[in-house]
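To start, the structure under review is shown below, and the notes come after it.
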Amino acid sequence: MADAIRTTCAYCGVGCGIAATVTGERDVQIAGDVHHPANRGRLCSKGTHLGETVGLEGRLLHPQVDGRPASWDAALAAVAGRMRAAIDRHGPDSVAFYVSGQLLTEDYYAVNKLAKGFVGTGNIDTNSRLCMASAVAAHNRAFGEDVVPCSYEDLDAADLILLVGSNTAWCHPVVWQRIEATRARRGTRLVVIDPRRTETAEQADLHIPLAPDGDIALFNALLAAMKARGHVDDTYLADHVDLDPGFWDKLSRDSGIEPSLFARLADLVEAHPRMITLFSQGANQSRCGTDKGNAIINLHLATGRINRVGAGPFSITGQPNAMGGREVGGLANTLAVHLGFEPDARAEVAAFWNTETLCPGPGLKAVDMFRAVHEGRIKVLWIMATNPAVSLPDSAFVREALARCETVIVSEVIARTDTARFADILLPAHGWGEKDGTVTNSERCVSRQRALFPAPGETRADWRTVADVAAKMGWGAAFDWAGPADVFREYAAMTGLAARRGKALDLTAYDTIDGQDYDRLEPFQWGGARPLASGYRTASGKARMVSVQPPRSLADADFPMRLNTARYRDQWHTMTRTGLSPTLSQHRPEPLLEIHPADASAHAILDGGLARVESASGASVYRVSIAHTQRPGELCVPMHWTDMMSGEGRTNRLPNQSVDPISGQPGFKDSAVRVEAVTPKWRAFLVTCEAPQPMDLVYWTRSRLRAGWLYELAGAGTIDLDPLLPEGERLEVADTAKGMRRIAVRSAEGTLLAAIYLTRSGTLPPREWVAGKLLESELATRELLAGRPSEPLPDRGAIVCVCHGVGERDIARAADQGAATVAAIGSATCAGTNCGSCRPAIARILESVQSLAKETVS
Ligand SMILES: Nc1nc2c(c(=O)[nH]1)N[C@H]1C(S)=C(S)[C@@H](COP(=O)(O)OP(=O)(O)OC[C@H]3O[C@@H](n4cnc5c(=O)[nH]c(N)nc54)[C@H](O)[C@@H]3O)O[C@H]1N2
Ligand SMILES: Nc1nc2c(c(=O)[nH]1)N[C@H]1C(S)=C(S)[C@@H](COP(=O)(O)OP(=O)(O)OC[C@H]3O[C@@H](n4cnc5c(=O)[nH]c(N)nc54)[C@H](O)[C@@H]3O)O[C@H]1N2
Ligand code: SF4
Ligand SMILES: [Mo]
4 MADAIRTTCA YCGVGCGIAA TVTGERDVQI AGDVHHPANR GRLCSKGTHL GETVGLEGRL
64 LHPQVDGRPA SWDAALAAVA GRMRAAIDRH GPDSVAFYVS GQLLTEDYYA VNKLAKGFVG
124 TGNIDTNSRL CMASAVAAHN RAFGEDVVPC SYEDLDAADL ILLVGSNTAW CHPVVWQRIE
184 ATRARRGTRL VVIDPRRTET AEQADLHIPL APDGDIALFN ALLAAMKARG HVDDTYLADH
244 VDLDPGFWDK LSRDSGIEPS LFARLADLVE AHPRMITLFS QGANQSRCGT DKGNAIINLH
304 LATGRINRVG AGPFSITGQP NAMGGREVGG LANTLAVHLG FEPDARAEVA AFWNTETLCP
364 GPGLKAVDMF RAVHEGRIKV LWIMATNPAV SLPDSAFVRE ALARCETVIV SEVIARTDTA
424 RFADILLPAH GWGEKDGTVT NSERCVSRQR ALFPAPGETR ADWRTVADVA AKMGWGAAFD
484 WAGPADVFRE YAAMTGLAAR RGKALDLTAY DTIDGQDYDR LEPFQWGGAR PLASGYRTAS
544 GKARMVSVQP PRSLADADFP MRLNTARYRD QWHTMTRTGL SPTLSQHRPE PLLEIHPADA
604 SAHAILDGGL ARVESASGAS VYRVSIAHTQ RPGELCVPMH WTDMMSGEGR TNRLPNQSVD
664 PISGQPGFKD SAVRVEAVTP KWRAFLVTCE APQPMDLVYW TRSRLRAGWL YELAGAGTID
724 LDPLLPEGER LEVADTAKGM RRIAVRSAEG TLLAAIYLTR SGTLPPREWV AGKLLESELA
784 TRELLAGRPS EPLPDRGAIV CVCHGVGERD IARAADQGAA TVAAIGSATC AGTNCGSCRP
844 AIARILESVQ SLAKETVS
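My numbering puts the first residue of the sequence shown at 4, with every later residue one more than the last.
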């Protein structure tokens, strides 16, 4: 077997190292890299199952122009020609780039240089606008530079960890495992501040189920309490901090939560100076996200809990290279390498890039950029490594904008995405497994992603595509790179401009790196473990405590409920990759609407039924899950489902375009909505080896099986089966007693190609059983038409451990039989013994079984 190649995970900002052993043409065995500082060998479920997503299914392999296959040369000429025409006719700002934290640093650097340096427009923004922009703005206000002041090692040394708006156990699972290890080792206390009782919150010492956007009130009140209790560090403040005028007089004191709960929280904060506040989208994605970041930072500055071992405000990044994008300057409001648009910074950048067409100032932030597209001010839009037709708020508007735009260019790895449908020009990119370059994780650690496979089809590195377009536009000399090492070297050299201005960003140690050393590059952290310990980067050299006020409460009589949107443990964003993994698809095969029991009964909404959520912008339909983990009046749905994967389950029809006024980040976590039950005339499920796109149904979703797809369907009228079923011989049984229709489709060889079960009011047979028969023989067809398994199936319940296929009921049974710990459940069922992502879920099931047992006894 070949040696393992050391690379970095494709997904989240934890930035885990992977040891990948190529075992076939497109096959790879994945293991955690024990030498990588981010994970020391650990991986979560998504990283562990990367091997299921490196096949060529659905890949975009060739360029297309106006719906027809094209050579690269023709595609590049079309891109360059249409950009040139727009610039000549309407000026550089008629061209825009919308890019992504899923690009490599080299790609990101290249496209930023092309846009700001040569096209001469500030109109390049990134999906990090939807993700980290508020934290970036809070850092800039408080520290004078966008720098995360701590490191993962601080989590190992903290005595108290506050998680604010972070479902760490699901979204940063390896950081979560590190927190769990610290708790086991040193008894670190954990507080989770989140309106929902997530699996992360279940494991905390204290859960604060605050109202949406209650964070500023809470952190201001904590700060006031620390001042009253004498824990403000006056020496630190005098030496290192400037306060906004009247700061203490303006500080709000009402925590907005129950006083006894607040007292417990304040006691914990008082008792533990080694405190980390880790924050994520519950803080950032808000109409007051920047102020939330500063409220958190204020508490740390005032108590001197920063730049010390085990202490600091820690904004954790989402995407694998969100940080790298911030470094190179891919946000519309930075120029490059942590520099702004001041005349002297512009002059230095123009000299470094040797360009005469450097953009004059900042460009449009994501939401405004799509408004400008909608208004026809932007004529050419190049989208790279992001799926805005799904992930931007108010997607009906976004789609209208894309449809109107003269030229939409999409660089993708997947051929059919919701956004690619609007593309005039499609450019095939290297995917994970082919990409070759660097990414920077949450703690500023730069690691290599290395190619595992030869590039399939005509796919190209994104940085190379950018360079090729630049060459066609006459700027070849500035983009004359032979490989990613050349791009990285130029970027590292450019950080010298930042370093010379006293910024923490400094990679100049790598400004002469050659190809060989680049290939061997070991993970390294820029700025050191605590980069602001050497001083803040403001003009005064002091940090700033910004006076921030809690937002007004929102009330809307027509839309009386609040909608929160979140992520699932085993899906990644718009599912273009994780949605291809049968293992990962087991955890949450459908998008669930989580609703408090009181709200469900008030609206006659049934568990397992369907419900429609409606806002002023649109409506979506979900499977209902009645959840005690929700606060009354608040709903939660996942962000992941697209038009490719569902009929009506696309969440971003609902949020409107309101953004934080400072960062421009949308408030995805709190939309005004109403909810109603949906009662279809019939329900069905379909197991099939093909992937049809159903039409005109009340509801449909699909999820990946080993041998095909599982569809859940519901409708109001009659169903047209022809577009849904593959070619083959159809066998049909109608079971009037059960009110059910069953149809099996078999091939000439007798194997099962598809089976569909429809009912008006009855129960449907087990999906797992039917799915298991796909592509099996004649006998399978007969058994399936009988409608029930010849041998009873184990009743597993919802799958919890995807690595070993263990369900909720398996775990509850093991607990009933005496397994009393997560480890004991592991020995009895194997659950939780591989990647460990499901351990918080196992702990939760154990707790509920045990508390039930106690109730029965007493
Ligand atoms: N499995 C998985 N992991 C991922 C991703 C993925 O798609 N799937 N995506 C990655 C990316 S890009 C990102 S940005 C991160 C996001 O990681 P997280 O931020 O952890 O993820 P979310 O589920 O979006 O939101 C976190 C929590 O914020 C809570 N929240 C909502 N409103 C408020 C509020 O007003 N205050 C507070 N305190 N909390 C609130 C929500 O209830 C939710 O539980 O995850 C990364 N990791
Ligand atoms: N309601 C709601 N909406 C949200 C959020 C939320 O919490 N709630 N979260 C927001 C956040 S934090 C984020 S980060 C965004 C994420 O939203 P998106 O960025 O839209 O989500 P992805 O599915 O990751 O899209 C990445 C796309 O790039 C493609 N791709 C992957 N690798 C490459 C590559 O190397 N090159 C190229 N050219 N293409 C590639 C993938 O196939 C995929 O189509 O969603 C945001 N939207
Ligand atoms: S925590 Fe999971 S998704 Fe994130 S980098 Fe590590 S293995 Fe990948
Ligand atoms: Mo994100």
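All C-beta atoms, glycine included, are put in the ideal place defined by N, C-alpha and C.
How about residue i: is its Cβ closer than 7 Å to a heavy atom in ligand 2?
i	result
Ile417	yes
Gln206	no
Leu133	yes
Lys438	yes
Asp465	yes
Ser394	yes
Leu106	yes
His433	yes
What is the residue span of the beta strand (DSSP E) that residue i lies within?
i	result
Pro176	Not the beta strand (DSSP E): Pro176 falls in the alpha helix (DSSP H), residues Pro176 to Arg189.
Gln574	Neither: Gln574 is in no beta strand (DSSP E) and is coded neither H nor E.
Val413	Thr410 to Glu415
Val98	Val98 to Val102
Gly27	Gly20 to Gly27
Ala747	Met743 to Arg749
Phe317	Gly315 to Ser318
Met548	Ala546 to Met548
Heavy atom of ligand 4 less than 7 Å from the Cβ of residue i, yes or no?
i	result
Gln322	yes
Using the three-state DSSP reduction, which class does residue i fall into: helix, strand or coil?
i	result
Glu850	helix
Asp197	coil
Gly477	coil
Asp6	coil
Gly829	helix
Tyr539	coil
His377	helix
His303	helix
Met648	coil
So what does residue i bridge to, in DSSP terms?
i	result
Ser706	Leu713
Asn567	Cys639
Phe344	Answer by DSSP bridge pairing: none, since Phe344 is not bridged.
Cys12	Looking at the DSSP assignment, Cys12 forms no beta bridge with any residue, so it has no partner.
Cys804	Val809
Ala339	Leu342
Ile211	Ile196
Ile279	Ile164 and Gly315
Arg533	Note: Arg533 sits in no beta bridge, so no partner.
Pro431	Glu415
Glu617	Ala622 and Arg677
Leu755	Arg749
Asp128	Tyr101
Tyr760	Phe688 and Arg745
Hey, is residue i close to ligand 1, as in C-beta under 7 Å from one of its heavy atoms?
i	result
Gly285	yes
Ser169	yes
Asp673	yes
Along the alpha helix (DSSP H) that carries residue i, what are the first and last residues, could you check?
i	result
Tyr111	Thr108 to Asn115
Asp520	Gly518 to Asp522
Gln452	From DSSP, Gln452 is part of no alpha helix (DSSP H) but of the beta strand (DSSP E) over Cys448 to Gln452.
Glu771	Arg770 to Gly775
Asp397	No alpha helix (DSSP H) holds Asp397; DSSP gives it neither H nor E.
Thr500	Reading the sequence as shown, one finds Leu at residue 500 and not Thr. Where Leu500 is concerned, the enclosing alpha helix (DSSP H) stretches over Pro487 to Arg503.
Quick check: does the Cβ of residue i come within less than 7 Å of any heavy atom belonging to ligand 3?
i	result
Tyr760	no
Cys841	no
Asn837	no
Tyr155	no
Where in the segment 661 to 740 do unbroken runs of the beta strand (DSSP E), each at least 3 residues long, occur, reported from the N-terminal end onward?
674 to 681, 685 to 691, 702 to 707, 712 to 718 and 732 to 738
Let me know the alpha helix (DSSP H) ranges lying completely inside the segment 583 to 610, each 4 residues or longer, listed in chain order.
600 to 605
What are the start and end residues of each continuous beta strand (DSSP E) run of 3 or more residues lying completely inside the segment 239 to 291, in chain order?
244 to 246 and 278 to 282
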